[in-house]
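K.L.:
Using numbering that gives the first Met the number 0, the first residue of the sequence shown is number 0, and each one after it goes up by one.
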Amino acid sequence: MCLALSRSRRIAFTGSNDGQGLRAWALPSGACLAHVGGFGCAVSAMSWHIASHCLATGTEDGTVSLWDTATLEGEAPELRQVHSLPLDQPQGMHVEVVCLTPSADGTALFCGLDDGNIVLLS
């Protein structure tokens, strides 16, 4: 569903809708470095939160999470969630995060939602 490259261009991150969640892949070997499952829904959007150096993911249930990726190029690679924020949704409404992009100064994230709205997370 989504893809992002690390700043070093040595790791690719993928988000899926098949229950496999978030994965980090070594380039060019293609080896899976780390996997985080258990999302319960698709990882539908991905970008970088520049100020924190974290990978941001958005899901079909309207949650945005930040992931520490610093250890992926070390001896014990792992993806560690550092923050998770469910977007406010009116009662009975379902809002999916369909795209994420950093603000110009890198301190915030714009979240595009499937209902056509944009949310700014700072």
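Note that beta-carbon positions come from the ideal geometry of N, C-alpha and C, so glycine has one too.
To the nearest angstrom, how far is it from the Cα of Glu77 to the Cα of His93?
P.N.:
Locating residue 77 in the sequence shown gives position 78, counting from the first residue. Locating residue 93 in the sequence shown gives position 94, counting from the first residue. Distance between the alpha carbons of Glu77 and His93: 31 Å.
K.L.:
Once the 5 residues before and after Ala11 are set aside, which same chain residues still bring their CB inside 7 Å of it?
P.N.:
Indexing the sequence shown from 1 puts residue 11 at position 12. Answer for Ala11: Leu2, Leu4, Trp24, Leu26, listed in chain order.
K.L.:
On a Cα-Cα basis, can you pick out the residue from His82, Gly61, Cys31 that is closest to Ala44?
P.N.:
Mapped onto the sequence shown, residue 44 falls at position 45. Nearest C-alpha to Ala44: Gly61.
K.L.:
Taking the continuous beta strand (DSSP E) assigned at Cys53, which residues delimit it?
P.N.:
For the purposes of this step, residue 53 is taken as residue 54 along the sequence shown, with counting starting at 1. Segment 53 to 58, the beta strand (DSSP E) holding Cys53.
K.L.:
Skipping 5 residues on each side, what residues in its chain have a beta carbon closer than 8 Å to that of Ser51?
P.N.:
Looking up residue 51 in the sequence shown gives position 52. Cβ neighbours of Ser51 beyond the five flanking positions: Leu65, Val81.
K.L.:
With H, G and I counted as helix, E and B as strand and the rest as coil, what does DSSP make of Thr70?
P.N.:
Sequence index remark: in the sequence shown, residue 70 carries index 71 (1-based). Looking at Thr70 - three-state DSSP - the assignment turns out to be helix.
K.L.:
Who are the Cβ neighbours of Ser83 in its own chain at under 7 Å, not counting the five residues just before and after it?
P.N.:
Here residue 83 refers to the residue found at position 84 when the sequence shown is read from its first residue. These residues qualify, in order along the chain: Thr62, Ser64.
K.L.:
Return the Cβ separation of Glu38 and Thr58 in integer angstroms, given the expectation that the two are a contact with Cβ distance under 8 Å.
P.N.:
What you label residue 38 is simply residue 39 of the sequence shown in a count that begins at 1. What you label residue 58 is simply residue 59 of the sequence shown in a count that begins at 1. At residue 38 the sequence reads Phe, which differs from the Glu that was named. The pair is a contact, with the Cβ atoms about 6 Å apart (cut-off 8 Å).
K.L.:
DSSP three-state call for Ala50: helix, strand or coil?
P.N.:
If you number the sequence shown from 1, residue 50 lands on position 51. Three-state DSSP puts Ala50 in a helix.
K.L.:
My output table needs one value for Leu15: the three-state DSSP class, helix, strand or coil.
P.N.:
Taking the sequence shown and counting its residues from 1, one reaches residue 15 at position 16. This sequence places Ser at residue 15; Leu is not what is there. Note: Ser15 maps to coil in three-state DSSP.
K.L.:
Let me make sure I understand the geometry here. Which of Arg6, Ser15, Thr70 has the alpha-carbon closest to that of Met0?
P.N.:
Working through the sequence shown from its first residue, we reach residue 0 at position 1. Comparing Cα-Cα distances from Met0 to each of Arg6, Ser15, Thr70, the minimum goes to Ser15.
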